[in-house]
Amino acid sequence: MRRVVVGSSVASAIATLLALEGIASSDPYRLRIDAIGYTQAPQSPVGLVVLQGDDKANQWVDAEALTWMGNSSFNGNADVLTALVRLHDPRNYGELRLGRQILTVGALRPLHLDGADARLRAPTGTSFEAFGGVPVQPQFGYHAWDWATGARAAQSIGRDTSLGFSYLQQRSDGQLAYDEAGFDFASSPVPVFDLAAHGVYDLIDPGLAEAGISVAGRFGELRPEIYATQRSPSRLIPATSLFSALGDTPAEVVGTAVKWRMFPRLDLLPTLAVRDTAGDVGLDATVKATLRLDDRGGGALSVEGRRQGSGPDRWSGARVAVRVPVAARVGCSTELELVAPDDPRGRGSLWPWGLVAIRWVPVEHWEVAAAMEAASTPTATREVNGLARIGWSWGAR
Amino acid sequence: MKRASLLLLFAVLLGACAQILGIKPPESRPFPHRVHVTKGAVTCVQCHVGIMNATDADGMHMPDTAKCVSCHAKPHDSRECSGCHGLQYVREGVEQDLDHLKFSHATHDKRLKGNCAYCHRGVTEDSDHVRPPMGICLSCHEHQDDFAEARTCDRCHKDLRGEEVRPESHVAHDGDWLREHGNRAYSARDLCSTCHTDRYCAGCHGITVPALPETMAFDDPLRAGVHRAGYVSRHSLEARTQPGLCTTCHDTGGFCGSCHQRMGVDVSSGGASPHPPGWLSVSGGRNDHGPAAWRDPSVCASCHSGAGEQLCVSCHRVGGVGGNPHPAGWSSKLRPTIDQPCRLCHQGAP
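Top to bottom, those sequences are chains Y and U.
Residue 1 is where the first sequence starts when you use our numbering, and the numbers rise one by one after that.
Residue 1001 is where the second sequence starts when you use our numbering, and the numbers rise one by one after that.
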């Protein structure tokens, strides 16, 4: 049955491609179609056709869509991820978005919603946004009274600072699932300095659901960042879940990341974080080096070491990735990873994973890629997977 | 002595690697602009004929071989000069600029009066990177005012989303951007959406995403991604390290369960239990499920939602083996006998 689904998906994609090749003839539209297949990822054959496109034909209307069909491991056989029309005045003082969309409203969690989002912006820097609709459910798992609504009011202070307050109420089957208020703040008072902070307060089980602050600087080839986050898992799950009754055990992280362009083609990214998970304090660290093999970065080599020394499951890992353009239209890449858990618990003491891929652009607009992936995982001593993708794009480089 | 030897070794290694690190110019031949301008006293417009009157509707104004041999009367090779002199990607960059930018040399020359090097600073450094980076534009143009006014970059860019290029000098996604991007985006959706469409966000944050962008682009191992490489192997380790993080994208209504069933790591479908020994005991033995659930209840909810919740309240109720599940000081504005999930236990309570 799966083969039939995958086969029909690929056939549909080819037919669609041939049809679109004929109609694609003017500039504001962009289309891309990818057909992709994995022999077992994860653990079942997968074939997908992903179609995406957008247009900006007029100053006051944009439209975009992203759909897929085929056989996915988790989500059935087809869905629309976005199908959205955006109406706005040319100076963007007012905007109305209708359809299936991803809403990122201030500090509120990103919402996948069928509905409407309206925004107004005044020349004084004040803006107001309101939204409402039905949260998207996988495999049409909707209830009769599923809805979400909320708003955000924000004020820009000068050119470089903004402060916003947001509110969300979401119901599932008529029951209160989320009721939360958030704030977001960003400032860049001088060119070398950025600050961003946010917080979300749970109004059902009163307390901080999530908060974060990040301070970054830019000093020539050096970009240091210091950050801190707090996350309360019991408040991040819907209040309709029994597990929300277990109470608040926040996880906190304080860390730093430094991007250093050590040489014109060599970047270093060391990170260090202290995590406190329910009183269990540990240290996480990574070091990543990326070497561009040419000025444009077409070829590159990346080496990464990682130590996860916090939490109940600690582990160490290393990863190497290489991307090499071997000819004008052909590129090869490989990626290797080794993970060593501190406590294997009978799942194998080393989990290697590797992938070798080749990419070919036979003619303009078309792209073909194939790969072989092999791994030894906690659940399978040996696992081999083949991957293939064919893509066609029009309107974008 | 040993230190001197080490320093010498380091210097030799650095010298040997100078080209690959980008310290030494590559072997290809960037066009020697500086020599032409300083030693040859060749003005820009002698080669780039007509450039001072060019608008964004004009062509590239690059010199051809005929123009070169008008001075270099005896070329050392009969092939096209541009086959070796000048880097291909520089020409491609100029073509892209013509396609994507609203720019007029004619307008700029009225102010700069032939001082091409004011913007093309690479000319004076004998570099082939003569295209001005956007930072040069910003040294005169107050683009932040333009953006603040209209929330678009359309004053200079014809179609920024269509360019599909990353900015080098501003809004650079440096550092550990994957972790950082949310915090930066909360206040700056307008800025993000000048380049990124909704479908870009939906590629990861959509509820029914069938394959993440890094999975689709398996041939680009340097592309950042939240579930890169052998993530399936290590997902349980990472999930337990960062409580609640999975919930920010994945629904708790069966995302994990569907895969565990396929994998046979699911008791309800007759497979193995994902829980280690000592997970549950009603007779005074190890009871690891308790601390794990306190630490991250969202992990429990990802498999035991719906009917699975009844499993918990069969023990965790007043008078039951597990006792009252609420911690001290717990409060909620839900109505105990009406709202879910309170009524699982509280229905019928006085």
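Note that the Cβ used here is the ideal one computed from N, Cα and C, for glycine as well.
Kindly list the residues whose CB is nearer than 7 Å to the CB of residue 1293/U, restricted to its own chain and excluding five residues on each side of it in sequence; keep chain order. 1300
Compare the C-beta of residue 1244/U with all C-beta atoms of chain Y and state if any pair is closer than 8 Å. yes
Look up residue 1051/U in the DSSP assignment and say whether it is helix, strand or coil. helix
In this structure, does DSSP put residue 332/Y in helix, strand or coil? strand
Using CA atoms only, rank isn't needed, just tell me which of 1202/U, 1207/U, 1184/U and 1230/U is closest to residue 212/Y. 1184/U
Residue 120/Y classed as buried or exposed, judged by whether at least 16 other C-beta atoms fall within 10 angstroms: exposed
I want to verify the contact list: residues of chain Y whose CB lies under 7 Å from the CB of residue 1047/U, in sequence order. Result: empty, since nearest Cβ-Cβ is about 23 Å, beyond 7 Å.
Note the first and the last residue of the continuous alpha helix (DSSP H) segment covering residue 94/Y. Looking at the DSSP string, residue 94/Y is not in any alpha helix (DSSP H); the run it does join, the beta strand (DSSP E), is 94-103.
On the three-pair Cβ rule with 8 Å, is the segment 374-393 of chain Y touching the segment 346-362 of chain Y? yes
Using a Cβ-Cβ cut-off of 8 Å (strictly less than) and excluding sequence neighbours within five positions of residue 144/Y, which residues of its own chain qualify? 173 and 174
Mind listing the chain U neighbours of residue 369/Y? Cutoff is C-beta to C-beta under 8 Å, in chain order. 1218 and 1219
Between the alpha carbons of residue 388/Y and residue 70/Y, how many angstroms are there, rounded? 14 Å
Considering just the uninterrupted stretch of the alpha helix (DSSP H) at residue 156/Y, what are its terminal residues? Unbroken run through residue 156/Y is the beta strand (DSSP E), 147-157; no alpha helix (DSSP H).
How do the segment 213-229 of chain Y and the segment 241-250 of chain Y stand: do at least 3 beta-carbon pairs fall below 8 Å, yes or no? no
Along chain B, which residues have their Cβ under 8 Å away from the Cβ of residue 219/Y? As a matter of chain content, chain B is missing from the structure shown, whose protein chains are Y and U.
Among 76/Y, 295/Y, 196/Y and 67/Y, which residue has its Cα nearest to the Cα of residue 184/Y? 196/Y
DSSP three-state call for residue 1199/U: helix, strand or coil? helix
Consider the C-beta atom of residue 1098/U and the heavy atoms of the ligand SAM; say whether any pair is separated by less than 7 Å. Looking for the ligand SAM in the displayed structure turns up nothing, as the structure carries no ligands at all.
State yes or no: is the beta carbon of residue 339/Y nearer than 8 Å to at least one beta carbon in chain U? yes
Sorted by chain position, which residues of the same chain lie with C-beta nearer than 6 Å to residue 384/Y's C-beta, five sequence neighbours on each side aside? 374
Anticipated Cβ contact below 8 Å, residue 270/Y with residue 298/Y, distance rounded: With a Cβ gap of about 26 Å, residue 270/Y and residue 298/Y do not count as contacting.
If you draw a straight line from the C-alpha of residue 201/Y to the C-alpha of residue 161/Y, how long is it? 22 Å
Taking Cβ-Cβ distances below 7 Å as the criterion, which residues of the segment 1092-1117 of chain U are in contact with chain Y? none
Just checking: is the beta-carbon of residue 1180/U within a distance shorter than 8 Å of some beta-carbon in chain Y? yes
Can you check whether the CB of residue 101/Y is closer than 8 Å to the CB of residue 1198/U? yes
Taking C-beta to C-beta, are residue 1214/U and residue 1234/U nearer than 8 Å? no
Could you round the C-beta distance between residue 1091/U and residue 1062/U to whole angstroms and report it? I think they count as a contact, below 8 Å. 7 Å
Secondary structure of residue 1331/U, DSSP reduced to three states: coil
Beta-carbon separation of residue 394/Y and residue 31/Y under 8 Å? yes
I'd like to know whether the C-beta of residue 1248/U is nearer than 8 Å to at least one C-beta of chain Y. yes
Member of 180/Y, 336/Y, 86/Y and 275/Y whose CA lies at the smallest distance from the CA of residue 58/Y: 86/Y
Residue 1207/U CB to nearest chain Y CB: under 8 Å? yes
Could you please give me the residues that DSSP links to residue 213/Y through a beta bridge? 197/Y and 228/Y
Cα separation between residue 1244/U and residue 229/Y? 12 Å
Expressed to the nearest angstrom, what Euclidean distance is found between the alpha-carbon atoms of residue 25/Y and residue 1058/U? Low confidence applies here, because residue 25/Y scores a pLDDT of 39, under 50, leaving its location unreliable; read the following figure in that light. So the alpha carbons of these two residues sit roughly 22 Å apart.
Is residue 378/Y close to chain U, meaning its C-beta is less than 8 Å from at least one C-beta of that chain? yes
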